[in-house]
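Have a look at the structure below before the remarks.
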Ligand SMILES: Nc1ncnc2c1ncn2[C@@H]1O[C@H](COP(=O)(O)OP(=O)(O)OP(=O)(O)O)[C@@H](O)[C@H]1O
Ligand SMILES: [Mg+2]
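Protein chains in written order, with the numbering used here: chain A, 1 to 367; chain B, 1 to 310; chain C, 1 to 271.
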């Protein structure tokens, strides 16, 4: 009945709590079968949006459609969505089996079938034989799986997950991320996943909505977000980024010539229309796209001299902070530990060359 | 996108489904759902408290003639309440007795609550039960027990006589304001211990350790941290005793004697033997206003003082 | 040193004080059972000898049984109504954003800080002005009024103690609000409901000040006891009754505490 591209669609959705605007005129669509993440700092309205999708809050303005049907008149218990709560909300007075079977009562399913589906769901989340336990007899990770199974067993059109991995330690979280992704692919249900952990969002999602202050700054695939952020705010939030101010001197054949603070005259690909002659813009570059070398490289990369201020060893890579004359903030440079370009000693205070490829420069509007 | 919009308008509510629309509106309004749920409680409280109260205020402006009310408006009852020295004296005495009782009970109970909150570790619940069980005996019998203890042939007098310490029973023990204070203090002790205990129990132990760490000795730590933080419990306890005891007529009747009669006995008499309901209503309102003013003043004052110290 | 933290180190002086305090609480109360076995019509020392005749007398005292029965009924009904109203009210104030919530709660809690004599008098005036007769129903009404604040306070703390997400999870899984109430809310607040009922029961069972104004010809137990206090000859029988009530309350309080700790162990994650 709807095209697969707008399986879930939000049109101009806002939510006000008194004078607080938690969600501010959001409009975007989510396709069938997507693993869609809502990513943003604390208090940006992720949970509020998810609760509007589940029906626990009603939008102040706008409408939410799921599979073509408007949701505003549908109470939570009749919506085709199910939720995995942040703290799991496993019923403490029921055992795991009764928790899983809880929602099936309303689907008019035969008793034998219920039993079968519960066992199947326990298998799916790798908890066979846990049926008789209570929530206080489960570890954090096990609770998370029970909550997931309890929601999935209802076979919802959309599964809502509110920071389901937030309470787990790093190792378990990474394990669960892989499992979650695999599970989503096998059941084919649309997932809407809330997180404030950008790494987690990048690993898991097909697409991500980056939110701040109730607004969506950019809705895009992880790759696009990383390589083509549309604003300083997004670029800053996703991974680490170096920024320099610059003025556009000339635009020619899709190439911009810029005068950048500290870097001098540089060229970069000009992709957007805000890059116009005379405009003040921001140039951004990822730490891992920067190269340090003792001598100026002969391969025609952009380069400038710099002084090494501090370095930190981060396990799989080295991090340096280098200062460039004229730039207020030092540049972050990441070098893979086995990288060929760390051929000489990069001691503190030594003066070296910092270079980059023109294609790795990202031009952003100044806000 | 266009396709969706068409689908959407097809699914949108038709003008017929007013019921559903109303239901949707209801679902949207959190406040409405809350009020629906709250309405039985509010209704009952309104019917049994606010309405009777309103009628009592009305009656206090009437006059009693035999068994009938004269419903012409008059301030005479309030005038009498202020002018009659007996009424004024009884009200003042009631406030003095209840106030003393509240202060004494709180002072005496604080160390007890402190002990259970800070020094009992294994059997806290047992101690709390031990402190509350006496309050499950009949209030009347608890008060009566003091009559047995303080009476002319009571426990103290017959005990002392048996030991040969006195010849004649001590008559002053019973039927005095002191007897009323002691009896009330005993009868209402649980209302002092529990609020204080709860507020002490809530205090974060690390705050006390921080105070010690910063060089406070036990006394300074108590005055600087423990006491101010337990103040809400102390305030609650004082009021939980002061307010109801002002309105008690059982204890004064049993152990008070003529010198221990309180304002509530007078009010009760207006509805009984004296049979002057408007006067009784006016006295009840007088009493309530005075109690409310004193309570608010007390709350305000203790807050101010605690702020000063802290 | 010891396993006790510095802050919690025991104090001998406080311990003695606590024992003295318990003595002050108990000794007057314990005179009641003592004299109830004393073979003397006068409540005075020295003790005359052991007897159980006051208990026999009490068991044959028909008016007392009638009053006890009245009190029991009034207490059961008013505790049930108050707990039900408290349940609604507590759920409403903890689960919904209600405009004017503070003043509403203040009104509901008001009976806690108004002397009972005032509410008793006000109700008396209302009932007689409306032309109704005084009866056990009017007493029940008054007891509901004074019990609701206690029921609310008990149940609000219970509601606050459990995660609202549990109810939302139930709705999310397809349960209607009513179904959620039966399958999730009630089982989880049940200990609170029980505690509230017991508390309201004791409040009503022992309430005299209002009942005295509002009871018609049928006395409740406190009114009956009050009437007996004026007759020295009847006193030993009243003492026997009081002692029995004391024993029963001991058993009930310990049982309910045991029940509480039992449930806590069973349902809460281990600490
Ligand atoms: N019931 C409420 N009443 C009033 N304000 C609320 C309510 N719920 C949320 N808010 C406000 O709305 C804003 C968004 O809250 P929300 O819970 O959606 O944030 P979030 O993105 O989920 O944050 P976090 O990552 O910390 O969970 C916050 O400023 C919050 O204070
Ligand atoms: Mg959140």
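Cβ coordinates follow ideal geometry from the N, Cα and C atoms, glycine included.
Cβ-heavy atom distance, residue i to ligand 2, below 7 Å
{"i": "residue 162/A", "result": "yes"}
{"i": "residue 46/A", "result": "yes"}
Residue i CB to nearest heavy atom of ligand 1 below 7 Å
{"i": "residue 196/A", "result": "yes"}
{"i": "residue 94/B", "result": "no"}
{"i": "residue 17/A", "result": "yes"}
{"i": "residue 42/A", "result": "yes"}
{"i": "residue 54/A", "result": "no"}
{"i": "residue 92/C", "result": "no"}
{"i": "residue 13/A", "result": "no"}
{"i": "residue 22/A", "result": "yes"}
Residue i burial status per 10 Å Cβ neighbour count (16 or more: buried)
{"i": "residue 145/A", "result": "buried"}
{"i": "residue 45/B", "result": "buried"}
{"i": "residue 125/B", "result": "exposed"}
{"i": "residue 294/A", "result": "exposed"}
{"i": "residue 172/C", "result": "buried"}
{"i": "residue 268/C", "result": "Per-residue confidence for residue 268/C stands at a pLDDT of 40, beneath the threshold of 50, marking its modelled position as unreliable; no derived number is given."}
{"i": "residue 116/A", "result": "exposed"}
{"i": "residue 121/B", "result": "exposed"}
{"i": "residue 197/B", "result": "buried"}
Backbone secondary structure at residue i - three-state DSSP
{"i": "residue 353/A", "result": "strand"}
{"i": "residue 100/B", "result": "helix"}
{"i": "residue 327/A", "result": "coil"}
{"i": "residue 21/A", "result": "strand"}
{"i": "residue 62/A", "result": "strand"}
{"i": "residue 241/A", "result": "coil"}
{"i": "residue 43/C", "result": "coil"}
{"i": "residue 365/A", "result": "strand"}
{"i": "residue 301/A", "result": "coil"}
Beta bridge counterpart(s) of residue i as assigned by DSSP
{"i": "residue 251/A", "result": "256/A"}
{"i": "residue 306/A", "result": "352/A"}
{"i": "residue 267/A", "result": "257/A"}
{"i": "residue 162/A", "result": "194/A"}
Proximity test, Cβ basis, 8 Å: residue i and chain C
{"i": "residue 330/A", "result": "no"}
{"i": "residue 20/B", "result": "no"}
{"i": "residue 94/B", "result": "no"}
{"i": "residue 246/B", "result": "yes"}
{"i": "residue 142/B", "result": "yes"}
{"i": "residue 103/A", "result": "yes"}
{"i": "residue 150/A", "result": "yes"}
{"i": "residue 281/B", "result": "yes"}
{"i": "residue 90/B", "result": "no"}
{"i": "residue 154/A", "result": "yes"}
{"i": "residue 199/B", "result": "no"}
{"i": "residue 260/A", "result": "no"}
{"i": "residue 83/A", "result": "yes"}
{"i": "residue 288/B", "result": "yes"}
{"i": "residue 340/A", "result": "Its pLDDT being 48, under 50, residue 340/A is placed unreliably in this model, and the coordinates cannot settle the point."}
{"i": "residue 153/B", "result": "yes"}
Minimum Cβ-Cβ distance from residue i to chain D less than 8 Å
{"i": "residue 67/A", "result": "Structure shown: chain D not included; protein chains present are A, B and C."}
Chain B contact for residue i (CB, 8 Å cutoff)
{"i": "residue 182/C", "result": "no"}
{"i": "residue 203/C", "result": "no"}
{"i": "residue 226/C", "result": "yes"}
{"i": "residue 156/C", "result": "no"}
{"i": "residue 133/C", "result": "no"}
{"i": "residue 102/C", "result": "no"}
Interface flag, residue i vs chain A, CB-CB below 8 Å
{"i": "residue 187/C", "result": "yes"}
{"i": "residue 169/C", "result": "yes"}
{"i": "residue 174/C", "result": "yes"}
{"i": "residue 178/C", "result": "no"}
{"i": "residue 166/C", "result": "yes"}
{"i": "residue 218/C", "result": "no"}
Residue i Cβ short of 7 Å to ligand 4 heavy atom set
{"i": "residue 364/A", "result": "As far as ligands go, the structure on display features ligand 1 and ligand 2 and does not contain ligand 4."}
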